[in-house]
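Numbering (UniProt numbering), first residue to last: 1 to 354. Every residue, glycine too, gets a C-beta built ideally from N, C-alpha and C.
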Amino acid sequence: QHHFPPQTWSSSVNEANKRALVAWVKETGIELVQINGQRRYGGPPPGWVGPPPPSGTEVFIGKLPQDMYENMLIPLFQRVGKLYEFRLMMTFSGLNRGFAYAKYSNRRGAKEAIAVFNNFQVREGCAIVVCKSTEKCELSVDGLAESLSQQELEAVLQRVTSDIVSITLHSSPCQRQAQLAVLKYSSHQAAAMAKKALMEGNTRLKGMQLKVQWLSPDLKRKLQSSKEKLPPSGTHRGKSPRVPKVVPPSPVPATVLGCLNALCQRQRLGPPLFFTRCVQEGPSGWLQFCCRVVIPGCPLPFTGFTWVRQDGPSRSAQEEAKAAMALQVLKLLGESLHGIGANPLPFPKSWGSS
């Protein structure tokens, strides 16, 4: 991650527009942050109070001229509503990749953007496409070895992605003697970053090349149908059927984070978003994290501090902090914690919503 201006820009490409962008940033004081191939404004913007906007507030912007930047695009899209976030996909040379995402503070802004800017000519002969963002959160990863264990897959995913909610393993419908994993993330942005990391990292597991795609509705129905058609265990003779296995990311986060996700889904609060930052190192490997949980249906975020220690190589200290956060939020929301296999971690008495 680096703040504007990015050092990877090629100085010989699109020089005039880059200078105009730098001047605009200095003049407005706006902050742009580039992370893994996308440059972002906001998320949240300055002065924002409360949870992120609900689903249905983001639009996809396509067919952009590759030499056009935020100094032209952000003021344009702000004409129809307040922007919560603007993300422009970038190449290593500093040109954009021809598409972006604009997330508004409410659904009305997104609808206005589609009505006003779809087929709008940003310059002569260059009409852009603006439509509702699908905000997909699930990936399919095909080509996994049959011998691949849950722990091996989880360890790789924790190294290269974040904010994963669940992993489901199936027999691959396209490749013999292979598995397919369905990965569900906490948000579209987390899923998009994971897809980019897995594809561009040329990730291999046990020598097999992975095929990473958005989970299509057809494949999702096919996997669900094959699962429903499986006969009860013990009714087959001979070769056992290959049964899909639901694999949680890890024992503690699966139970605690799973309970929090289930509660939010049951109460229609929206998926919880986790923000963690290590603020202090203590003796014997203990780390203090500043933690925040944003639940779209709750008026205020939950914030606090916790000390954690990495519990073996399979789970990072950040994952431990997320589990501790989820445990405390469940307590504050009055959820029964009976049967949740998590070690209570030390949160201050002042933990609460703020």
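Could you check the C-alpha separation between residue i and residue j for me, to the nearest Å?
i           : j      : result
Phe86       : Tyr41  : 5 angstroms
Cys264      : Pro283 : 36 angstroms
Asn14       : Arg97  : 14 angstroms
Ser93       : Asp67  : 11 angstroms
Gln158      : Glu124 : 46 angstroms
Ala115      : Cys291 : 39 angstroms
Pro272      : Leu330 : 11 angstroms
residue 357 : Ala16  : Any question about residue 357 goes unanswered here, given that the chain covers just 1 to 354.
Ala321      : Ser186 : 16 angstroms
Thr161      : Val49  : 28 angstroms
Lys220      : Cys174 : 14 angstroms
Pro75       : Tyr69  : 11 angstroms
Val141      : Leu153 : 11 angstroms
Ser171      : Val156 : 19 angstroms
Gln189      : Trp286 : 30 angstroms
Pro52       : Ala262 : 19 angstroms
Leu95       : Cys137 : 27 angstroms
Lys184      : Arg277 : 23 angstroms
Glu135      : Leu215 : 12 angstroms
Arg266      : Phe274 : 19 angstroms
Ala317      : Glu281 : 11 angstroms
Phe77       : Asp218 : 34 angstroms
Gln151      : Ala20  : 49 angstroms
Ala192      : Leu332 : 31 angstroms
Gln34       : Gly47  : 21 angstroms
Just to confirm the assignment, what range does the alpha helix (DSSP H) spanning residue i have?
i      : result
Cys161 : Note on residue identity: the sequence assigns Thr, not Cys, to residue 161. Taken as a continuous stretch (DSSP letters only), Thr161 belongs to no alpha helix (DSSP H), as it is neither H nor E.
Pro75  : Glu70 to Phe77
Gly109 : Arg107 to Phe117
Asn17  : Glu15 to Thr28
Val80  : Per DSSP, Val80 belongs to no alpha helix (DSSP H) and is neither H nor E.
Val329 : Ala317 to Leu332
Gln267 : Note, Gln267: premise wrong, no alpha helix (DSSP H); not H, not E.
Gln189 : His188 to Glu200
From the DSSP output, which residues share a beta bridge with residue i?
i           : result
Lys211      : Asp142
Val293      : Phe274 and Phe302
Lys132      : Val59
residue 355 : Outside the shown range of the chain, which is 1 to 354, sits residue 355, and nothing can be said about it.
Gly42       : Glu85
Gln288      : Gln280 and Trp307
Looking only at its chain, what residues have a beta carbon closer than 7 angstroms to the beta carbon of residue i, apart from the 5 residues adjacent to it on each side?
i      : result
Ile30  : Tyr41
Gln177 : Glu146
Val212 : Leu139, Val141, Lys195, Leu198 and Met199
Pro45  : Leu83 and Tyr84
Arg268 : Gly297
Leu260 : Pro272, Ala326, Val329 and Leu330
Asn118 : Val129, Val130 and Cys131
Gly339 : With a pLDDT of only 42 at Gly339, under the threshold of 50, the placement of this residue in the model should not be trusted; the figure read from the coordinates follows. Correct list: empty, nothing qualifies.
Arg79  : none
Leaving out the 5 sequence neighbours to the left and right, which residues in its chain are closer than 8 angstroms to residue i when beta-carbon positions are compared?
i      : result
Thr57  : Tyr84, Lys103, Tyr104, Ser105, Asn106, Arg107, Gly109 and Ala110
Phe120 : Ala127, Ile128 and Val130
Met72  : Val122
Gly81  : Tyr104, Ser105, Asn106, Arg108, Gly109, Ala110, Glu112 and Ala113
Taking the beta strand (DSSP E) that residue i belongs to, which residues open and close that run?
i     : result
Glu85 : Leu83 to Met90
Phe99 : Asn96 to Tyr104
Measure how close the beta-carbons of residue i and residue j come, nearest whole angstrom, since I'm counting them as under 8 angstroms.
i      : j      : result
Ala100 : Ile164 : No, Ala100 and Ile164 are not in contact; Cβ-Cβ is about 25 angstroms, not under 8 angstroms.
Phe305 : Val293 : About 13 angstroms separates the two Cβ atoms, so there is no contact after all.
Pro296 : Pro54  : 6 angstroms
Leu210 : Gly143 : 5 angstroms
Ser133 : Val59  : 6 angstroms
Leaving out the 5 sequence neighbours to the left and right, which residues in its chain are closer than 6 angstroms to residue i when beta-carbon positions are compared?
i      : result
Arg39  : Leu32, Leu88 and Met90
Gly270 : Pro296 and Gly297
Lys63  : Ile128 and Val129
Gly43  : Glu85
Arg309 : Gly285 and Trp286
Val279 : Gln288 and Cys290
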